[in-house]
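Protein chains in written order, with the working numbering: chain C, 1 to 289; chain S, 1001 to 1299. Ideal Cβ positions, reconstructed from N, Cα and C, are used throughout, including at glycine.
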């Protein structure tokens, strides 16, 4: 058969491959990130071995790099941020979906969008010059946790709202028809239906809180080797250390900072993979019913 | 619901229990309203601080602050964020030119070609995961593959921002392609048009306003990024109009550098730069909203 479309079919195929290539770029970049930064972090692992993860003495001058305190600091600030942000975000999402009339709902969407649009360095500036100085918090885990909480509220709120909105109206009306109050209806119909998706939304917030650099770098206090449970102590987190120490780091020190980035990358990728899978499954369930 | 409450309260046995339950429900509604207030408060406080401290700095002797070079000695008072404004525009502009075409093309594959196949499902999933990669990791990635070989430049920062924007643009564009009605595509095929031509001349123009607004939101977000620029752009104090050569600077880098300074003059410049950055992102977001409103009114 003679193809009447000739070179046009050829152009069509080229366009298709270009589009597929652009899509494949996502996988390529993610793979390259892992390979390139891991290879650059090898010198510090040759030096420290696994004690990089299990000791907390960080002394670049003595070529000692133990990251345990920073890993703990990352987890600790992220947990403080979640403890503050999750109830507030859930309350706001429930208010927007179950209580607010459409007239109020729209400005509230703008409110969360605006909050999400403030650059993190601006929150950091406010945190270091206003929050930590005028509210007696100093630079500490708690100050960093509060700033991070403000920054992850928008993402948890908007995802929770999307998940909650997939609750079948029939479930809600059924609960109300049985005489349930609004809160009982939320407990009986909305929350059980959205539980999976809400967990995913919270985990995405956790991922963001752990990776947030600049605001944390400004307010966390940059204390070395603190393995403490006190939220008011100055501390440090992995991304904050990288941002604060990069400028004056020599080769091995840089390698250690890149090793922190590898650690951070692996942890956040795992958290995000799990969270995305949970959210997508819960959304599909919502659409199916 | 109110009717229901009245009916129930007409029965004496249930009314006592009912009132306790409705008190609980009202309390929880009150807590929800309180959480809305708790979300609004920090936003108001931050905006208040930026305008309260930034306006006096940025608009003193207008337009000095937006044009003059940055004092190379931090404690010296006086204006100057011009190079940082130029740097932010260059870094973000080049990042947009890289990320938006690639992102749109990627989304075209996901929605027009690879519907339902395993590859496109994997890409869509990983794109969502990629939006969660910490920006500082992206910065170090670009440091290793670019800055180590070519040195500081605005373009290195653009590459880092483009990597951060790519999955956002893909996601936003795919949402918009979903809204293009299928009969447009079918009408085009019926005229004998090839698939690529249909996409370029029918589908993409129909989705254009949405793609523009989605991309602009990604641009606004990228313009405020700091961490990825620290390792790629440097911190110059003079104008550098060359995209590929020499250290440059950006508003976010200047805010970060000046925020921890103990000199009041430097802190003042940080507030002025913060105001400038917020106004810049606000303008971009506003343009995006106008585009979004336009598609909303067309439908």
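Between residue i and the rest of its own chain, which residues show a CB-CB distance below 7 Å, the 5 nearest in sequence each way excluded?
i                       : result
residue 1131 of chain S : 1167 and 1168
residue 85 of chain C   : 149, 152, 153, 156 and 205
residue 1049 of chain S : none
Please return the same chain residues whose Cβ sits closer than 8 Å to the Cβ of residue i, not counting the five positions on each side in sequence.
i                       : result
residue 365 of chain C  : The structure shown does not extend to residue 365 of chain C, since chain C is modelled only from 1 through 289, so no value can be given for it.
residue 1174 of chain S : 1107, 1110, 1111 and 1124
residue 33 of chain C   : 265
Would residue i count as contacting chain S if we go by Cβ distances under 8 Å?
i                      : result
residue 239 of chain C : yes
residue 349 of chain C : As displayed, chain C neither begins before 1 nor continues past 289, which places residue 349 of chain C out of reach and without an answer.
residue 153 of chain C : yes
residue 107 of chain C : no
residue 171 of chain C : no
residue 283 of chain C : no
residue 162 of chain C : no
residue 221 of chain C : no
residue 58 of chain C  : no
residue 195 of chain C : no
residue 68 of chain C  : no
residue 272 of chain C : yes
My assumption, with CB atoms under 8 Å, is that residue i sits in contact with residue j. Please give the rounded CB distance.
i                       : j                       : result
residue 1094 of chain S : residue 1152 of chain S : Not a contact, Cβ separation roughly 15 Å.
residue 1136 of chain S : residue 1227 of chain S : 4 Å
residue 1291 of chain S : residue 1212 of chain S : 5 Å
residue 1179 of chain S : residue 1225 of chain S : That belief does not hold up - the Cβ atoms of residue 1179 of chain S and residue 1225 of chain S are roughly 29 Å apart, past 8 Å.
residue 81 of chain C   : residue 209 of chain C  : 4 Å
residue 1075 of chain S : residue 1265 of chain S : 6 Å
residue 249 of chain C  : residue 257 of chain C  : 6 Å
Residues in the same chain with beta-carbon distance under 6 Å from residue i, minus the five sequence neighbours each way, listed in chain order, please.
i                       : result
residue 1091 of chain S : 1154, 1157, 1158 and 1250
residue 121 of chain C  : 214
Given a threshold of 16 other Cβ atoms within 10 Å of its Cβ, counted over all protein chains shown, does residue i qualify as buried or as exposed?
i                       : result
residue 1285 of chain S : buried
residue 214 of chain C  : buried
residue 239 of chain C  : buried
residue 46 of chain C   : exposed
residue 50 of chain C   : exposed
residue 183 of chain C  : buried
residue 180 of chain C  : buried
residue 1117 of chain S : exposed
residue 110 of chain C  : exposed
residue 1027 of chain S : exposed
residue 1236 of chain S : buried
residue 13 of chain C   : exposed
residue 2 of chain C    : Residue placement at residue 2 of chain C is poorly supported in this model, since its pLDDT is 49, which falls under 50; the coordinates still yield a value, given next. That one is exposed.
residue 1060 of chain S : exposed
residue 271 of chain C  : buried
residue 212 of chain C  : buried
residue 231 of chain C  : buried
residue 72 of chain C   : buried
Identify the contact partners of residue i in chain C, using a Cβ-Cβ distance below 8 Å as the criterion.
i                       : result
residue 1145 of chain S : 32 and 36
residue 1130 of chain S : 26, 29 and 30
residue 1042 of chain S : 115 and 150
residue 1113 of chain S : 16, 19 and 20
So with Cβ pairs under 8 Å, would you call residue i a contact of chain C?
i                       : result
residue 1001 of chain S : Low confidence applies to residue 1001 of chain S: its pLDDT is 47, below 50, so where it sits in the model is not reliable, and the reading given next is rough at best. At least one chain C Cβ lies under 8 Å of residue 1001 of chain S.
residue 1171 of chain S : no
residue 1176 of chain S : no
residue 1106 of chain S : yes
residue 1293 of chain S : no
residue 1152 of chain S : no
residue 1140 of chain S : yes
residue 1218 of chain S : no
residue 1109 of chain S : yes
residue 1126 of chain S : yes
Residues of chain C with CB under 7 Å from residue i, in chain order?
i                       : result
residue 1022 of chain S : 181
residue 1167 of chain S : 26
residue 1195 of chain S : 12
residue 1029 of chain S : 99 and 182
Which residues in chain C have a C-beta closer than 9 Å to the C-beta of residue i? List them in chain order.
i                       : result
residue 1224 of chain S : 117, 118, 119, 120, 121 and 122
residue 1277 of chain S : 119, 121 and 122
residue 1256 of chain S : 121, 124, 125, 214, 217, 218 and 243
Which residues in chain S have a C-beta closer than 7 Å to the C-beta of residue i? List them in chain order.
i                      : result
residue 207 of chain C : 1132
Run through chain S and tell me which residues come within less than 8 Å of residue i, C-beta to C-beta.
i                     : result
residue 92 of chain C : 1032, 1035, 1036 and 1039
residue 87 of chain C : 1035
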